[in-house]
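Visitor: Below is the structure I would like to discuss, written out as structure tokens.
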Amino acid sequence: MKTRIDSVEEITRSFAGQGYICSEQIALAIYLAAQLHKPVLVEGPPGVGKTELAKAAAAFLEAPLIRLQCYEGLDESRALYEWKYGKQLLYTQLLRDKLGGMLADTDSLEASMERLGDLGEAFYSDTFLEPRPLLHALRSDEPAVLLIDEIDKADQEFEAFLLELLSDFQISIPELGTVKARHQPLVLLTSNDQRELSDALKRRCLHLYIPYPTAELEAQIVATRVPDLDVRLREQLVAFIQHLREQDMKKLPAISETLDWARALVLLHADSLEHAQVADTLNLVLKTEQDVSLARELLPAWLRKLGKR
Amino acid sequence: MPTRRLSEFVQALRGAGLRISPDEASQAMDAAALVGYAQRQRFHDALALTLVKQQQDRSAFEETFARFFEAEDPRSDSPQDSASSMPSPAAQADPASAQTPEAQQAEALLASTPEQLQQRMAEAAAEMDFTQMEVITQQGIYTRRLLMNMGMGAVDDRVLQLDQGSPAQQARAEQLRHWRTRVREQAAAQVRRQFLLHGAGKGRALREQTLRAVPFRDLREFRDVQALVRKMARRLASLHQRRTKTSRRGMLDARRTMVASIRHDGVPAKLFWRRRPPRKTRVMVICDVSSSVSDAARFLLQFLYAMNDVLPRVRSFAFASRFDEITEDFARYSPEVAVGQVLDRLSGSGTDYAEMFRAFQARCERELDAHTTVIILGDARNNYLPDGAETLQAIRRRVKQVWWLNPESRSRWNSGDAVMDRYLPHCRLARQCATLNDLERVVDSLLGALD
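So the sequences go chain by chain: A and P. Counting in the working numbering, the first sequence runs from -15 upward without gaps. Counting in the working numbering, the second sequence runs from 29 upward without gaps.
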């Protein structure tokens, strides 16, 4: 992993090189997180590039990205580690004779127990440990970027369980003791605000809120990601998306949807937003029937207004 | 910028209602040290990243930041920097004409450089106890006291004295007035800063306490009550979310455990637990929105809909002269807007509870089941019409429980045309609900009873 970051600008530049165009605030968050060794909690509406940010950060820091997707019911055994029960059982089956032979010359129960006791450690050793993302991140040979995605979907208990990791970069495993990070990972948590996260978690993190991009930023993003799109059309497209975001929609269009639409328009060889074409491709941007019909109503007036300008 | 200035800023943020732990404050200092103060926007962003943990706090942060670092060069390194805004010595000191010791004192003060003046103000402020400041209206008194401590009283006298002298002296008095105004502005700014540091937080807490205990009827006047309602609802919601989650496990799922154990030669290596089915509780709220009760209805509905995460299935009804379902209004608009709409549509006087019970039964009878809680908010003032208690009893038989919230105090429940006594036997719980505190308690026990 890159250990020296000279400036915030360096991050912005590197992100831009990867096609991730971001506001200065986002770059600053990564800079501070890397310098202060603090996790970042990234919040914002869906589709504004929260997960992408982690990928870009990993590429910038030249570090592996380890991802943990959260969901309801996620527990330690899937997030941290698990014993390979099957392997353990298989080994005991196969070694049954051997064990019998080994214990044959002991005459009392206590002696057998003692001999087995020496062996017991073998069954709870690394051979039988199945590391999951969190343990991977802690034991990784080089510092990693750990992405804990959609933490709001996990249960509250899991959130509490993460606290030790987030503040001290260590985790306690009953059988192994405390595992300390070999190298402190850069931790990013994302949340869609499905539920309120606990104060304890927020306190340990830097808090980055990514809003929908401004028109200027969005135009830049489209220009980088879909370079084939005509300049004039790009401006029209971004202006229309921004207009839609001001409406009372059920699900507002995100950046990813803007990009999808831009790509579709390139495929269709469109050179301006004409009514018929827009109406036909609206379902790329808006995902519920209600929203699509609302947008259809808005469209003619908006296009007229645009024409006048 | 010394850390003291930053920790004062953190104090001011706490005053503005943000919750900032010492750890977060020290993070902010580290971050500020890292990015430097040269670029104001970046300095601002770094503080925001470390100190603002909820989007709701954003505006309070922006406001405090603007006020706290207003017109101040973030690079300046000394707390004395505001000396530059102090007036320079009033032109041509005139000690010759000052005969009395007071006048001499005034002249000495007038002759001081901005730095000296600033020093003097700081000393005067240090002698005062600003921690008693609780509300913003006290600023005037404190400013006056600060000026007196600085010895500005002597200047006031001197101005009066000069006013009576020669035209030249009168002109000088005019100058001195200007000078005095500028010092006064500085003193006011100093006091405002002190208020931000000490008073604002206490004032807010005090205000919150008051708001919670004020009857609903008088509450509408206050602007920030919406925010308070949301805050209370959020607190309750997160409290109960936790409770529902922990009460989830219990029974072993024997079938799944056995199936999984086949892999391991019949050893149940992994246990599966039966999950409780998601609860099917349903809440139906019937609100009297006639003029006497509408204020309470407004807050009850706002409260319930702010808790959407833990109470997903609320159906609401309102009645005054007419009865109607209002769930849709809340589904479509924000609670504040919806409440206004409903009140416009249905409010009026002449409540008839018997008619309301009948209408409710006719509309919802099919959906009433053992998971349903019916909450009625009303004063039970029936305009001397038949009370319809038997319909309420019929409803009661089909549901889990009926709750009655009455905005009036218990002693008035049966006075005049109120007939609470007729309804009480059919309610599992009846409470007075006249303030936000009452409301919070009711909703808390409602969530407790649903689990």
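We put the CB at the ideal spot given by N, CA and C, even for glycine. These figures come from a predicted structure and were not determined experimentally.
Applying a beta-carbon distance threshold of less than 7 Å, which residues of chain P neighbour H191 of chain A?
Guide: L77, V80, K81
Visitor: Determine, using beta carbons only, whether K298 of chain P comes closer than 9 Å to chain A.
Guide: Closer than 9 Å to some Cβ of chain A, the Cβ of K298 of chain P qualifies, so yes.
Visitor: So is D(-10) of chain A in contact with chain P if we call contact Cβ pairs under 9 Å?
Guide: no
Visitor: Does the beta-carbon of V365 of chain P have 16 or more other beta-carbons within 10 angstroms, so that it is buried, or is it exposed?
Guide: exposed
Visitor: Hey, does H268 of chain P have any beta-carbon neighbour from chain A nearer than 9 Å?
Guide: With 9 Å as the cut-off, H268 of chain P does not count as an interface residue toward chain A.
Visitor: Comparing the C-beta of A199 of chain A with each C-beta of chain P, is any distance below 9 Å?
Guide: no
Visitor: Is there a C-beta anywhere in chain P that falls below 9 Å from the one on E273 of chain A?
Guide: no
Visitor: Return helix, strand or coil for L247 of chain P, following the three-state DSSP convention.
Guide: helix
Visitor: Can you list, in chain order, the stretches of the alpha helix (DSSP H) that have 4 or more residues and sit fully within the region 146 to 187 of chain P?
Guide: Counting only runs of 4 or more, we get 167 to 177.
Visitor: State yes or no: is the beta carbon of S106 of chain P nearer than 9 Å to at least one beta carbon in chain A?
Guide: Per-residue confidence for S106 of chain P stands at a pLDDT of 40, beneath the threshold of 50, marking its modelled position as unreliable; the derived number appears in the next sentence. Cβ-Cβ to chain A under 9 Å: no for S106 of chain P.
Visitor: Would you please verify whether the beta carbon of Q231 of chain A is less than 9 Å from any beta carbon of chain P?
Guide: Nearest CB-CB separation between Q231 of chain A and chain P: not below the 9 Å threshold.
Visitor: Let me see if you follow: with CB-CB separation under 9 Å, is K34 of chain A close to chain P or not?
Guide: no
Visitor: According to DSSP, N442 of chain P sits in a beta bridge with which residue or residues?
Guide: In DSSP, N442 of chain P forms no bridge with anything.
Visitor: Which chain P residues are close to G70 of chain A, counting only those with a beta carbon under 9 Å from its beta carbon?
Guide: R291, H292, A297
Visitor: Would you mind giving the Cβ-Cβ distance between I403 of chain P and W441 of chain P, rounded to the nearest angstrom? I have them listed as a contact below 8 Å.
Guide: Contact flag wrong, Cβ pair sits at about 17 Å.
Visitor: For Q160 of chain P and chain C, any beta-carbon pair shorter than 9 Å?
Guide: Checking the listed chains, one finds no chain C in this structure; the protein chains it contains are A and P.
Visitor: What is the residue span of the beta strand (DSSP E) that Y65 of chain A lies within?
Guide: Per DSSP, Y65 of chain A is one residue of the beta strand (DSSP E) stretching across 65 to 67.
Visitor: Between A99 of chain P and the rest of its own chain, which residues show a CB-CB distance below 6 Å, the 5 nearest in sequence each way excluded?
Guide: Interpretation of A99 of chain P is limited by its pLDDT of 48, a score under 50 that renders its predicted location unreliable; the figure taken from the coordinates is listed afterwards. There are no such residues.
Visitor: Mark G416 of chain P as exposed unless 16 or more other C-beta atoms lie within 10 angstroms of its C-beta, in which case mark it buried.
Guide: buried
Visitor: Name the one or two DSSP bridge partners that P115 of chain A has.
Guide: A:Y65
Visitor: Of the residues P:R302, P:R326, P:Y170, which one's Cα is nearest the Cα of S375 of chain P?
Guide: P:R326
Visitor: For S256 of chain A versus L217 of chain A, is the C-beta spacing smaller than 9 Å?
Guide: yes
Visitor: Is the beta carbon of D407 of chain P sitting closer than 9 Å to the one on D323 of chain P?
Guide: The answer is no: Cβ separation not under 9 Å.
Visitor: Taking the C-alpha atoms as reference points, what is the distance between A278 of chain A and T242 of chain A?
Guide: One point to set straight first is that residue 278 of chain A is Leu, not Ala, in the sequence displayed. In a straight line, the C-alpha of L278 of chain A is about 18 Å away from that of T242 of chain A.
Visitor: Would you mind giving the Cβ-Cβ distance between V171 of chain A and P23 of chain A, rounded to the nearest angstrom? I have them listed as a contact below 8 Å.
Guide: Sure, about 4 Å apart at Cβ, within 8 Å.
Visitor: Is there a C-beta anywhere in chain A that falls below 9 Å from the one on A366 of chain P?
Guide: no
Visitor: Tell me the DSSP bridge mates of T174 of chain A?
Guide: A:V26
Visitor: For R70 of chain P, which residues in chain A fall below 8 Å Cβ to Cβ?
Guide: V(-8), E8, L12
Visitor: Taking all protein chains shown into account, do 16 or more other C-beta atoms lie within 10 angstroms of the C-beta of D466 of chain P, making it buried, or fewer, making it exposed?
Guide: buried
Visitor: Sort A:N176, A:E273, A:L190, A:A248 by Cα distance to V32 of chain A and report the nearest one.
Guide: A:N176
Visitor: To the nearest angstrom, report how far apart L339 of chain P and F358 of chain P are at their CA atoms.
Guide: If I take the Cα positions, the gap works out to 14 Å.
Visitor: Could you please give me the residues that DSSP links to N434 of chain P through a beta bridge?
Guide: Under DSSP, N434 of chain P shares a beta bridge with P:Q460.
Visitor: With three or more C-beta pairs closer than 8 Å as the rule, is the region 244 to 261 of chain A touching the region 42 to 53 of chain P?
Guide: no
Visitor: Taking the alpha-carbon positions, what's the P142 of chain P to A153 of chain P distance?
Guide: 16 Å
Visitor: Extract the residue ranges of the beta strand (DSSP E) inside the region 147 to 204 of chain A, only unbroken runs of 3 or more that lie entirely within it.
Guide: 154 to 157, 161 to 164, 170 to 175, 190 to 193
Visitor: Strictly under 9 Å for the Cβ-Cβ distance: is L62 of chain P near chain A by that measure?
Guide: yes
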